[in-house]
Amino acid sequence: MIQIEEFVDERQKSWCIHCGDYIVGLTTNWDHAPTESLLDEPIPPGLPKVRVCKPCNEGFSSDEEYFRTFLSCVLSGTTAPEGQKNSKVRRALARRPALGVEIEAGKREFSTLGGGKMIIWQPDAPRVERVVMKNARGHAFYEMGEPMLEKPDHVWVMPLVSLSREEVDEFENVATSGWAEVGSRMMVRQITGADLDDGWVVVQDNVYRYAVLQRGGLTVRSVIRNYLATEVHWN
Ligand SMILES: [Zn+2]
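If you want my numbering, it's the position in the sequence shown, counting the first as 1, plus 95.
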């Protein structure tokens, strides 16, 4: 990805965007947004990152491993380690069989009207939502320079296939009528088109894209592996 300088108020960088703690003078870590483990190797250079406190950075790793493993199982249609494309997911499932059992427990089979079978995988929603929210905070901060310290007004995560045609159109439409704040990375993207495709910031083709919108508050959307649609909104 293209690295973009930003010129937002430096004071906005005094707090960890996840817990709100004052981080000046503390040990901090660079936290990638999106989470690297949601991407394919090789990780794109210039991946957006933000400074967060160390406990927050480390505190997400178990949920992130769950999320990555869950997605891999859904997309491969199995929780068997050998069925996974990614070697890290194969190892995680082999090392922690309970993880596969937990994911398998959320698998439901339905008969469709046409007589076929359809499988729906129900994730551990709070774990998935924590990762989605973490990335949304990272995207909002990286693009707009806005630390979204409040609890969001809604977080939703849905497979794209479960949305109607109209809902997909509505979700995909991230065109914004106004210009992002002067000095923000989003403004630079709007001017130069850096990594932008119809308003979406493309991190990795067919793997991860996100959009940050200012419409009646702040909304962050993402599409993960062309399968999962997410939205986090602050009024
Ligand atoms: Zn923190």
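Yeah, the Cβ is synthetic: ideal placement off N, Cα and C, and Gly gets one too.
These figures come from a predicted structure and were not determined experimentally.
Best match in the options for proximity to residue i [C-alpha to C-alpha]
i	options	result
Ser279	Met239, Gly294 and Ile286	Met239
Lys108	Leu208, Ser167, Leu244 and Gly288	Leu244
Gln179	Asp135, Ala220, Phe205 and Ser157	Asp135
Tyr196	Thr287, Gln217, Ser182 and Gly209	According to the sequence as given, residue 196 is Val; it is not Tyr. With distances taken between Cα atoms, Val196 lies closest to Gln217.
Arg66	Leu166, Trp274, Tyr161 and Val297	Outside the displayed range of the chain (96 to 330) lies residue 66, so it cannot be described from this structure.
Lys229	Trp274, Thr164, Pro129 and Thr314	Pro129
Ser156	Arg320, Gly115 and Leu133	Leu133
Ile138	His328, Leu308, Val297 and Asn152	Val297
Residue i Cβ short of 7 Å to ligand 1 heavy atom set
i	result
His113	yes
Asn147	Here the sequence assigns Val to residue 147, which means Asn is not the residue at that position. Within the cutoff, so yes.
Cys168	no
Pro150	yes
Asp116	yes
Where residue i sits in the DSSP three-state scheme
i	result
Thr173	coil
Pro254	strand
Glu224	helix
Leu313	strand
Ile198	helix
Ile112	coil
Arg304	strand
Ala205	The residue you asked about is not Ala; residue 205 is Phe in the sequence shown. Three-state DSSP puts Phe205 in a strand.
Met96	coil
Thr271	coil
Lys246	coil
Rounded Cβ spacing between residue i and residue j (contact assumed at less than 8 Å)
i	j	result
Arg316	Glu326	5 Å
Asp264	Met96	Not a contact, Cβ separation roughly 27 Å.
Spatial distance of residue i from residue j (CA atoms)
i	j	result
Thr271	Asp293	10 Å
Glu267	Arg232	20 Å
Trp251	Glu224	7 Å
Phe236	Val119	17 Å
Asp300	Gly211	31 Å
Pro140	Ile99	12 Å
His127	Leu208	43 Å
Leu37	Glu276	Residue 37 is absent from the model: the chain starts at 96 and stops at 330.
Trp295	Ala306	5 Å
Glu241	Gly312	12 Å
Ala220	Leu170	17 Å
Ala200	Asn330	35 Å
Residue i: CB within 7 Å of a non-hydrogen atom of ligand 2
i	result
Pro143	This structure does not include ligand 2; its bound ligands are ligand 1.
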